[in-house]
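Okay, so here's the structure we're looking at.
Numbering (the UniProt record's numbering), first residue to last: 1 to 122.
Shown next as structure tokens:
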């Protein structure tokens, strides 16, 4: 880890320290540790998911579950046309887990490109 980043990192420390900070950076699966320390829905006002096109839908639901239900904002960043989730289970693939949450959302009519382009109100 670069020295200029190390001063902000809390690797190996008690995860409870993260609950006292306004900004927490984590992987989707590591966000599950937040539940172990008692954090629940409404703890975070914003969740930013980078490389959301590569995460399975269940993975994305881990940090999203900590989001404020009424005013929370989710930002999904990534390219659903590039590398998708890596699924090794045939059963999981058969049930659609090979499609990321981002890709599934982008396939909804709400996000489709019409004759006039995309909906600017979104």
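C-beta atoms are modelled at their ideal positions from N, C-alpha and C, and glycine is treated no differently.
#### Entry: At least 3 beta-carbon pairs within less than 8 Å: the region 36-51 vs the region 59-79
yes
### Member of 25, 2, 14, 64 whose CA lies at the smallest distance from the CA of residue 102
Your numbering for residue 102 matches position 102 in the chain shown. If we check each option's Cα against that of residue 102, 64 comes out closest.
### Message
DSSP three-state label for residue 36, please.
### Response
Taking the chain shown and counting its residues from 1, one reaches residue 36 at position 36. Reduced to three states, the DSSP call for residue 36 is helix.
### Task
Work out the CA separation of residue 17 and residue 33 for me, nearest whole Å.
On the chain shown, position 33 is the one that residue 33 refers to. On the chain shown, position 17 is the one that residue 17 refers to. Answer to the nearest angstrom: the Cα atoms are 12 Å apart.
### Query
What residues in its chain sit with their C-beta under 7 Å from that of residue 59, if we drop five residues either side in the sequence?
To locate residue 59, count along the chain shown from 1; it is residue 59. Only 28, 29 meet the Cβ criterion.
### Task
State buried or exposed for residue 53, treating a residue as buried only when at least 16 other CB atoms are found within 10 Å of its CB.
Counting from one through the chain shown, the residue named residue 53 turns up at place 53. Buried, because 16 or more other Cβ atoms sit within 10 Å of the Cβ of residue 53.
### Query
Can you tell me the Cα-Cα spacing of residue 2 and residue 26, whole angstroms?
Position 2 of the chain shown, counted from the start, is the residue given in the question as residue 2. Position 26 of the chain shown, counted from the start, is the residue given in the question as residue 26. Cα to Cα, the separation comes out at about 17 Å.
### Query
When we look at the beta-carbon of residue 49 and count the other beta-carbons within 10 Å, is it buried (16 or more) or exposed?
Taking the chain shown and counting its residues from 1, the one referred to as residue 49 is at position 49. Buried, because 16 or more other Cβ atoms sit within 10 Å of the Cβ of residue 49.
### Query
Near residue 100, which residues of its chain fall below 8 Å by C-beta distance, leaving aside the five closest residues on each side in sequence?
In the chain shown, the residue the question calls residue 100 occupies position 100. Once the five neighbours on either side are set aside, the close Cβ partners of residue 100 are 52, 53, 54, 55, 56, 57, 60, 78, 80, 84, 85.
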